[in-house]
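> The sequence shown begins at -18 in the working numbering and counts up by one.
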Amino acid sequence: MANRAWHLRVPSFLFFLVASSEASASYVGDRFFPSTLATVVPTPADFLNFPQLTQLPDTASREVDFPFSYSKLITPDWSVSFTANYRMIDQGSTRAGFDNLVLGTQYELYSSAEHEFVLSAGGTLALGGTGSSDIAKSFSTLTPTVYVGKGFGDVSDSMAWLRPVNVTATLGVALPTESTTVTGTTSVDNPDILQWGFALEYSLLTNSQSAGKGNAHRFAEGLVPLVEFAMQTPLNGPSAGETTGTINPGVIWVGEYAQLGVEAIIPINESSGRDIGVRAQLHFYLGNIFSNAIGKPIFD
């Protein structure tokens, strides 16, 4: 029973881990990393995600999520964020409400403009008991994470076809504060989970310079076709070693002040879902919109 209960929880928990840490978008040298939808990019920034639509693949239930995220730069290399996610779950009858509030942080450890490479560390904390009682978990989950990004603009002329490619990747471990929860007579394991994912992007972006007085800035514009891989693997418990996740092909349109993205959500196996879902995101670059106010670091 516990094993079956875990499998039914996998897709929504996977989404919760990934979407609760919506990341930023920024330049590393001449390389622009747009905000990805299913995984997290490694560049801290000021941003706002309006509630995005996510229709998850069907499992034992049908779920639609509307997450809202806000990130604030404390210094040019360090951001903090929060995410609130409104969930609607249909299991014959519909339950709806907010999931637990998720706090996040990200710090850029190293970057190389020449090699378009960036490494960051951070993670999220889902605060148990802050959401609706019939939706959210009673326990908290801490997920320390490492983030990596690489553009290939530095390759030799013989490999020039690789220059538009971006690769980003994340690796973290979700650590619940309770290893087991009991509902009625049912005991459910809450294992530690290896959360891993990466995105392959083909950048069709061009760089432009705004003409605003006093707040001129460089910005990217154009399309970015991409495919993201968002996976999780329990490290203990009855499902230890059984990977679930989704493959997410889509496209992002990038403008000066915002980006709009849409992706399909394709489960990798039956435990991850039985049909195809969809995810859409509207992401605002506060650093470009309010470059002299809330869109700049608190401490320079």
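Here a beta-carbon is modelled for each residue, glycine too, at the ideal position from N, C-alpha and C.
Can you tell me whether G165 is buried or exposed, with buried defined as 16 or more other CB within 10 angstroms of its CB?
Per the 10 Å Cβ criterion, exposed.
> Please report how far the alpha carbon of L156 lies from the alpha carbon of I174, in whole angstroms.
Straight-line Cα distance between these residues: approximately 7 Å.
> Can you give the Cα-Cα distance for R255 and T86, rounded to whole angstroms?
Their backbone Cα atoms lie some 33 Å apart in a straight line.
> Where do the ends of the beta strand (DSSP E) carrying I347 lie?
Since the first and last residues shown for the chain are -18 and 281, residue 347 lies out of range.
> Tell me P230's beta-bridge partners as DSSP assigns them.
Answer is V208.
> Residues in the same chain with beta-carbon distance under 8 Å from G226, minus the five sequence neighbours each way, listed in chain order, please.
Same-chain partners within the cutoff: L(-5), G178, F210, A211, M212, Q213, P248, I249 and S253.
> Whose CA, out of F120, Q240, P215 and P206, lies closest to the CA of I270?
That would be Q240, whose Cα lies nearest to the Cα of I270.
> Alpha carbon to alpha carbon, how far is V235 from L186? Give it in angstroms, no decimals.
Between L186 and V235, the C-alpha separation is close to 8 Å.
> Identify, in the order they occur along the chain, each residue of the same chain with its Cβ nearer than 8 Å to the Cβ of F63, setting aside the five sequence neighbours on each side.
Closer than 8 Å at the Cβ level, and outside the excluded window around F63, lie S50, Y51, L82, V83, L84 and G85.
> Considering Cα atoms alone, identify which of P145, E89, Q33 and N30 is closest to I55.
Ranking the options by Cα distance to I55, first place goes to E89.
> Could you pull out every unbroken alpha helix (DSSP H) segment of at least 4 residues lying fully inside the segment 149 to 176, listed in chain order?
Complete alpha helix (DSSP H) runs here, min 4: none at all.
> Does E97 come out as helix, strand or coil in the three-state DSSP assignment?
Three-state result, E97: coil.
> Please name the residue, chosen from T111, H264, A77 and L100, that lies closest to N30 on a Cα-to-Cα basis.
Out of T111, H264, A77 and L100, H264 has the C-alpha closest to the C-alpha of N30.
> Hey, would you say A180 sits closer than 7 Å to T20, going by beta carbons?
In contact: A180 and T20 (Cβ atoms closer than 7 Å).
> Apart from the five residues just before and just after E237, which ones in its own chain have a Cβ nearer than 7 Å to its Cβ?
S191, F200, E202 and N269.
> Hey, how far is the Cα of G218 from the Cα of S160?
Roughly 9 Å separates the two Cα atoms.
> Is DSSP giving E182 helix, strand or coil here?
Strand at E182.
> To which residues of the same chain is L106 closer than 8 Å at the C-beta, ignoring the five residues directly before and after it?
Around L106: V83, L84, G85, S121, T122, L123 and T124.
> Based on the DSSP secondary-structure assignment, which residues constitute the bridge partners of V129?
BP columns for V129 point to L100 and A150.
> Apart from the five residues on each side of it in sequence, which residues of its chain come closer than 8 Å, Cβ to Cβ, to T198?
Here residue 198 turns out to be His, not Thr, going by the sequence shown. The answer, listed in chain order, is Q190, S191, G268, N269 and S272.
> To the nearest angstrom, how far is the alpha carbon of M140 from that of F79?
For M140 and F79, the distance between alpha carbons rounds to 48 Å.
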